[in-house]
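Under this note's numbering, think of the first position of the sequence shown as 3, with each following residue one higher.
In this text, a Cβ means the ideal position worked out from N, Cα and C, and glycines have one as well.
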Amino acid sequence: MVMGATGSGKTTLINGMINYVLGVQWEDEFRFKLIHEITNRSQAQSQTSEVTAYEVNCKEGFKVCYSLTIIDTPGFGDTRGIEHDIMLTEQIRAFFSTPGAIDQLDAVCFVVQASSARLTHAQKYVFDSVLSIFGKDIKDNILILITFADGQTPPVLEAINESEVPCAKDAQGVPVHFKFNNSALFANNAGAGKGRCNFDAMFWEMGVSSMETFFMSLRSLKTKSLTLTQEVLWERKELEVAVQGLQPQIKAGLTKLEELRQTERALEQHQGDMEANKNFEYEVELTVAVEEDISGTGVFLTNCQKCHFTCHDNCVYANDKDKYQCYAMNGSGNCTVCPGKCVWNIHFNQKYKWRYEVKKEKKTYAELQEKYKKASDEVMTTEKVIERLCEEYTEVEKIVLELIERSSRSLQRLQEIALKPNPLSTPEYIDLMIMSEEQEVKPGYQGRIKSLKEVREQAVIITKIANNEDLLPAETEKYRKYETQKMGFVKKTGEKIKEGYNMVRDWWSGAK
Numbered sequence: 003m004v005m006g007a008t009g010s011g012k013t014t015l016i017n018g019m020i021n022y023v024l025g026v027q028w029e030d031e032f033r034f035k036l037i038h039e040i041t042n043r044s045q046a047q048s049q050t051s052e053v054t055a056y057e058v059n060c061k062e063g064f065k066v067c068y069s070l071t072i073i074d075t076p077g078f079g080d081t082r083g084i085e086h087d088i089m090l091t092e093q094i095r096a097f098f099s100t101p102g103a104i105d106q107l108d109a110v111c112f113v114v115q116a117s118s119a120r121l122t123h124a125q126k127y128v129f130d131s132v133l134s135i136f137g138k139d140i141k142d143n144i145l146i147l148i149t150f151a152d153g154q155t156p157p158v159l160e161a162i163n164e165s166e167v168p169c170a171k172d173a174q175g176v177p178v179h180f181k182f183n184n185s186a187l188f189a190n191n192a193g194a195g196k197g198r199c200n201f202d203a204m205f206w207e208m209g210v211s212s213m214e215t216f217f218m219s220l221r222s223l224k225t226k227s228l229t230l231t232q233e234v235l236w237e238r239k240e241l242e243v244a245v246q247g248l249q250p251q252i253k254a255g256l257t258k259l260e261e262l263r264q265t266e267r268a269l270e271q272h273q274g275d276m277e278a279n280k281n282f283e284y285e286v287e288l289t290v291a292v293e294e295d296i297s298g299t300g301v302f303l304t305n306c307q308k309c310h311f312t313c314h315d316n317c318v319y320a321n322d323k324d325k326y327q328c329y330a331m332n333g334s335g336n337c338t339v340c341p342g343k344c345v346w347n348i349h350f351n352q353k354y355k356w357r358y359e360v361k362k363e364k365k366t367y368a369e370l371q372e373k374y375k376k377a378s379d380e381v382m383t384t385e386k387v388i389e390r391l392c393e394e395y396t397e398v399e400k401i402v403l404e405l406i407e408r409s410s411r412s413l414q415r416l417q418e419i420a421l422k423p424n425p426l427s428t429p430e431y432i433d434l435m436i437m438s439e440e441q442e443v444k445p446g447y448q449g450r451i452k453s454l455k456e457v458r459e460q461a462v463i464i465t466k467i468a469n470n471e472d473l474l475p476a477e478t479e480k481y482r483k484y485e486t487q488k489m490g491f492v493k494k495t496g497e498k499i500k501e502g503y504n505m506v507r508d509w510w511s512g513a514k
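What follows is the structure in structure tokens.
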């Protein structure tokens, strides 16, 4: 497989490979083009638009003694931006996960320009994204093909080392690389004899020598099965769907924490009314489920009718009878994403998706009393209302932390099988969520940030304990209180899980 940034010379390099394999000589009056570039397209955009496999079956007279499959990929990092690069990664993922697709690789070749003193953010992003597709065992089959090279040491080698691109390396730690200069590939050779001082002929011979070395080295590489890669592909997609589905649940939980804080402040402000058993109004922020019309977009999705939740946006299965195959479903046929973990056959492809908005709503003290009375089946005094409010806050905080930890664990799982994972501890993951809230500045963001910071304190303590690190005195006290509160709410495991799922679902369905 050959991949590289737009303008790296990838297409010309592949055409050079074909001419070498077919035994084309400098003196010949013809050249072969495996890939025809679209000449009227801007050079700032990739000339290749899709992943394509070219089969070259070995015949007598070829310069290599084996058949060859060259997988060409679109160039990345062009003027179409990061969205195009994400689509490129998805194309490669789809190519290798299609039934009957190529199931082994001999080499993953990154094409880079010799003069690149550093890798751009786009290059790093796509390297990491594409490498995350492959299993760890592919590392020694990653080769660097350097274009526009001369006789000097290419600066790009240092850039590759600094960026920690996983690839095969020699005994000195230098990435295994092959230098090419294809400037003579389509040069005019009319009247250019061997006896004359001809730079194009010299570059041609250099290219032949480089190609010979490259194709000889391919024979020494151990062919790698893509079984592990396909495991990564499948599991990564499942994890991405799970993480995507957890985000609105986490945000709804953070908004719920802010709602409870606002309720607590209202109770403090109306202490006298409560003692006099008077009713009063107060305002809180709630998460509300809203239907967003997607008819005519050609997008299929998986909606849970019970939870009012979009479990998989952009699902490949349009037929509701096939929803058990959706990435959101586990082997038992239950959804891993929606709050209720509902069975697959109450999930449907519909003309709308669920999104969630924060809105302000008036509530009354009488409604709060009635809510807690129904839950506990006892008359609610002022003290009991406040006590139940604190208990609910602790319960919601635990659920939010568990949702965040589930999301973090999903990302960490890739560390075990992916070549280029992005492992994050739960506190680091929460830090990214805080940064995201600060950048997006969506309604209710300040309350969510406050809730995230509180949850982060618990996550830091739990992470320290997991790593056998010493706790500070204040952290020890917080952990003791946290464990005491947690033990106070222990119920039968099945009941507790079901109650947690119902609570998450109620965060928006109750306000709908």
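Beta carbon of residue i nearer than 9 Å to that of residue j
i: Val-210; j: Tyr-22; result: yes
i: Glu-399; j: Ser-453; result: yes
i: Ile-451; j: Glu-459; result: no
i: Leu-145; j: His-179; result: yes
i: Val-114; j: Leu-70; result: no
i: Ser-117; j: Pro-157; result: yes
i: Asn-59; j: Lys-35; result: no
i: Val-4; j: Ile-94; result: no
i: Trp-356; j: Phe-311; result: yes
i: Ile-135; j: Thr-100; result: no
i: Ala-244; j: Ser-412; result: yes
i: Lys-226; j: Leu-133; result: no
i: Asp-105; j: Leu-223; result: no
i: Gly-449; j: Glu-266; result: no
i: Pro-76; j: Val-53; result: yes
i: Leu-15; j: Phe-182; result: yes
i: Thr-304; j: Cys-313; result: yes
i: Leu-187; j: Arg-415; result: no
i: Met-437; j: Ile-406; result: no
Residue of the options minimising C-alpha distance to residue i
i: His-38; options: Glu-57, Glu-29, Thr-13 and Leu-24; result: Thr-13
i: Tyr-1; options: Ser-410, Lys-171 and Glu-369; result: Residue 1 falls outside the range modelled here, since the chain spans only 3 to 514, and no answer is possible.
i: Ile-348; options: Ala-278, Phe-34, Met-5 and Cys-306; result: Cys-306
i: Thr-289; options: Tyr-68, Pro-445 and Pro-76; result: Pro-445
i: Asn-279; options: Thr-384, Lys-308 and Met-3; result: Thr-384
i: Asp-324; options: Cys-309, Cys-313, Trp-346 and Asn-191; result: Trp-346
i: Ala-192; options: Tyr-447, Met-435 and Glu-31; result: Glu-31
i: Gln-174; options: Glu-160, Arg-415 and Glu-471; result: Glu-160
i: His-272; options: Tyr-367, Val-245 and Lys-343; result: Tyr-367
i: Tyr-354; options: Asp-295, Cys-392, Gly-11 and Ala-377; result: Asp-295
i: Ala-151; options: Met-208, Asn-321 and Lys-455; result: Met-208
i: Asn-351; options: Glu-359, Val-462, Tyr-358 and Tyr-326; result: Tyr-326
i: Ser-212; options: Thr-149, Val-132, Glu-293 and Arg-390; result: Thr-149
i: Leu-262; options: Val-387, Val-110 and Lys-224; result: Val-387
i: Thr-396; options: Glu-363, Arg-408, Val-457 and Cys-309; result: Val-457
i: Glu-122; options: Gly-63, Lys-138, Thr-8 and Glu-242; result: It is worth fixing the name first, because residue 122 is Thr in this sequence and not Glu. That would be Thr-8, whose Cα lies nearest to the Cα of Thr-122.
i: Asn-143; options: Gln-125, Asn-163, Glu-164 and Cys-169; result: Cys-169
i: Ile-401; options: Met-331, Trp-28, Gly-274 and Leu-256; result: Leu-256
i: Asn-332; options: Tyr-374, Gly-274, Lys-239 and Asp-379; result: Lys-239
i: Asp-433; options: Tyr-447, Glu-442, Arg-415 and Lys-455; result: Lys-455
i: Gly-63; options: Val-360, Met-89 and Val-26; result: Val-26
i: Glu-164; options: Ile-140, Gln-154, Lys-171 and Arg-120; result: Arg-120
i: Cys-392; options: Leu-269, Ile-20, Tyr-68 and Glu-214; result: Leu-269
Bridge partner(s) assigned by DSSP for residue i
i: Tyr-329; result: For Tyr-329, which the question treats as bridged, DSSP gives no partner whatsoever.
i: Ala-55; result: Ile-73
i: His-179; result: Ile-146
i: Tyr-284; result: Lys-365
i: Gly-6; result: Val-113
i: Thr-14; result: The partner list for Thr-14 (beta bridge, DSSP) is empty, contrary to what the question assumes.
i: Gln-106; result: Ser-227
i: Phe-78; result: Ala-7
i: Thr-289; result: Val-360
i: Lys-171; result: Pro-177
Integer Cβ distance of residue i from residue j, believed to fall under 8 Å
i: Phe-216; j: Ser-185; result: About 18 Å separates the two Cβ atoms, so there is no contact after all.
i: Phe-97; j: Ala-103; result: 6 Å
i: Lys-362; j: Glu-287; result: 6 Å
i: Leu-248; j: Ser-409; result: 5 Å
i: Gly-342; j: Lys-308; result: 6 Å
i: Val-167; j: Phe-129; result: 6 Å
i: Tyr-358; j: Val-443; result: Incorrect: roughly 17 Å between the Cβ atoms, too far for contact.
i: Gln-371; j: Asp-315; result: With 8 Å as the limit, Gln-371 and Asp-315 do not qualify as a contact, their Cβ atoms being about 40 Å apart.
Residue i CB to nearest heavy atom of the ligand SAH below 8 Å
i: Trp-206; result: With respect to small molecules bound, the structure shown includes none, and the ligand SAH cannot be examined in it.
Every unbroken alpha helix (DSSP H) inside the stretch 291 to 362 [4 residues or more]
Whole alpha helix (DSSP H) segments, 4+ residues: zero.
Where in the stretch 366 to 419 do unbroken runs of the alpha helix (DSSP H), each at least 4 residues long, occur, reported from the N-terminal end onward?
Those alpha helix (DSSP H) runs which fall completely within the stretch 366 to 419 and span 4+ residues are 367 to 378 and 384 to 419.
Runs of alpha helix (DSSP H) wholly within the stretch 425 to 458 (minimum 4 residues, chain order):
For the stretch 425 to 458, whole alpha helix (DSSP H) runs of length 4 or above, ordered along the chain, are 428 to 442.
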